[in-house]
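**Student:**
Residue numbers (the working numbering): 469 to 933.
1) Would you call the region 634–642 in contact with the region 671–688, where contact means no fewer than 3 C-beta pairs closer than 8 Å?
2) What residue from 872, 920, 867 has the CA that sits closest to residue 679's CA?
3) Inspect the CB distances between the region 880–900 and the region 592–602 and report whether three or more fall short of 8 Å.
4) For the candidate residues 850, 899, 573, whose alpha-carbon lies nearest to that of residue 812?
5) Between the Cα of residue 797 and those of 472, 479, 483, 768, spot the shortest distance and give me the residue it belongs to.
6) Kindly give me the distance between the Cβ atoms of residue 799 and residue 767, rounded to whole angstroms, as I take these residues to be in contact under 8 Å.
7) Buried or exposed: which applies to residue 617, given that a residue is buried once 16 or more other Cβ atoms fall within 10 Å of its Cβ?
8) Can the beta-carbon of residue 552 be found less than 8 Å from the beta-carbon of residue 626?
9) By Cβ distance, which residues of its chain are closer than 7 Å to residue 826, with the 5 residues on each side in sequence left out?
10) Beta-carbon within less than 6 Å of residue 773's beta-carbon, same chain only, minus the 5 sequence neighbours each way: which residues are those?
11) With which residues is residue 864 paired in a DSSP beta bridge?
12) From this set, 628, 757, 623, 912, which residue's C-alpha is nearest residue 608's C-alpha?
13) Using 8 Å as the threshold, is the C-beta distance between residue 760 and residue 795 below it?
14) Which one or two residues does DSSP pair with residue 533 in a beta bridge?
15) Measure the Cβ-Cβ separation of residue 592 and residue 540 and say whether it is below 8 Å.
16) Here's the rule: buried if 16 or more other CB atoms are within 10 angstroms of the residue's CB, otherwise exposed. What is residue 496?
17) Return yes when the Cβ of residue 572 is within less than 8 Å of the Cβ of residue 517, no when it is not.
18) Buried or exposed for residue 738, please, with buried defined as at least 16 other CB atoms from any protein chain shown within 10 angstroms of its CB.
19) How about residue 652 and residue 757: are their beta carbons less than 8 Å apart?
20) Tell me whether the beta-carbon of residue 542 lies closer than 8 Å to the beta-carbon of residue 586.
21) Considering only residues of the same chain and omitting the five flanking positions on each side of residue 537, which have a CB-CB separation below 7 Å?
22) For residue 523, report the span of its beta strand (DSSP E) as first-last.
23) Is residue 493 helix, strand or coil when you go by DSSP?
24) How about residue 912 and residue 619: do their beta carbons lie closer than 8 Å?
25) Going by C-alpha distance, which of 723, 588, 506 is nearest residue 858?
26) Have a look at residue 895 and residue 711 and give me their C-alpha separation to the nearest angstrom.
27) Please identify the residue among 870, 499, 916 whose C-alpha is closest to the C-alpha of residue 689.
28) Excluding sequence positions up to five away, which residues of its chain have a Cβ less than 7 Å from the Cβ of residue 677?
29) Just curious, the beta strand (DSSP E) that residue 826 is in, first and last residue?
30) Output needed for residue 802: all residues of its chain with C-beta closer than 6 Å, excluding positions within five of it in sequence on either side, in chain order.
31) From 892, 808, 917, pick the residue whose C-alpha is nearest to that of residue 900; which is it?
32) Extract the residue ranges of the alpha helix (DSSP H) inside the region 728–769, only unbroken runs of 4 or more that lie entirely within it.
33) Near residue 927, what residues of its chain come up, given a Cβ to Cβ distance below 7 Å and the 5 sequence neighbours on each side ignored?
34) Please name the residue in 669, 864, 734, 715 whose C-alpha comes closest to that of residue 819.
35) Could you tell me the distance, in whole angstroms, from the CA atom of residue 569 to the CA atom of residue 521?
36) Residue 700 and residue 915 - do their beta-carbons sit closer together than 8 Å?
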């Protein structure tokens, strides 16, 4: 019998006052019984609107039907046809604005919990399947992938499944890109990322770490060494700052540096090899998912007060509703309609406070959001000893500066065809944050998938000439 409950099954979580002191995963996952019950809420619509909302086009009703039957491995196999990172996407993909937003059950109630079901299927597979995926027969063609984040791993996985010999070049010492340096352990355990990468290696993907393209070697040298195409998925790791006085004080971090120290370098552990400041009162400037991650990490590192300082209201906050809700439950303080103007020093050139002004919302700007305007006479000082800037990132200029003929936007993003990822250089494709600027994991994966298809068509057409 179908489950016609208007509400999705709740996701069990650690209690807020427990989890804000540890880095264990917040969401605990469905039980098999709950997963089956939730799957039975799906109406298996004829037109499958949820699939249209998925950037990698997972056959959602088909995998959910398997879930409803208790065939969890069958559900995973359907997901894996389209996604190289199902356990990751089930955790960090913003389903509420994509597949679940299109769900018919959402018209008169809550949509089917597609993301939670995807997570369950992937976790079940990882825990119970002991057979390695079969490595496809090589087609004799070589492709290089720059960056091992979501777009690079997806592109590599799809090409490997088609028989290509793929080598992924990663600048850091550990593969995973933003999945390992940016997203905290309590949202995405790193063992899960490693499991997904190991699966790609079993398909034949080679991963070389500590290789900085533009320094260690160049795209031209990769092409000369026998790679027939290159995919650039190097992300957007260059942090932005506000340009206000005091940003060079000790105790001011970019969110990228702060999260890299915490996540990749494990600075949250006792006696870590990478130091991090254990501040008492922390201000995180910004309102996106990265800001929520930084604030929640600071709280777990022992900060008494952690503020999200954002110049617009809660309605304009760009972070996922679930992340905002979790942050509020964990005691993060939201200072909305507030904008910093100066970071003040103490006697030792550490952060001693942050001068701010209150804002009010005026007319909509080019983005459609109401423009924040300074409220006259509203200046005040926020008592903090650490500031984390989380106002966006842009692509590192290293690749564009060492690759002749590669066209880029003024702000640094690589210019690439939206449908294929093709750049101005023949045989060179790009996708993900290196093209769009900072966006979501699933959109980067979609770009990697599109580029893999285009690279396959490019190499096969050249082979026929």
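The beta carbon of each residue, even a glycine, is placed where N, CA and C say it ideally should be.
**Tutor:** To lay it out plainly:
1) When Cβ pairs closer than 8 Å are counted between the two stretches, the region 634–642 is seen to touch the region 671–688, the count reaching three or more.
2) 867
3) no
4) It is 850 whose Cα lies nearest to the Cα of residue 812.
5) 483
6) 6 Å
7) buried
8) yes
9) 805, 806, 843, 846
10) 749
11) Bridge partners of residue 864: none, in fact.
12) 628
13) yes
14) Per DSSP, none; premise fails for residue 533.
15) yes
16) exposed
17) Their beta carbons are under 8 Å apart, which means residue 517 touches residue 572 by this criterion.
18) exposed
19) Cβ atoms of residue 652 and residue 757: not closer than 8 Å.
20) no
21) none
22) No beta strand (DSSP E) contains residue 523, which DSSP labels as neither H nor E.
23) Of the three classes helix, strand and coil, the one that applies to residue 493 here is coil, per DSSP.
24) It is a contact, given that the beta carbons lie within the stated cut-off.
25) 723
26) 38 Å
27) 870
28) 638, 640, 641, 642, 643
29) Taken as a continuous stretch (DSSP letters only), the beta strand (DSSP E) holding residue 826 covers 819–832.
30) 776
31) 917
32) 757–768
33) 609, 696, 697
34) 715
35) 8 Å
36) no
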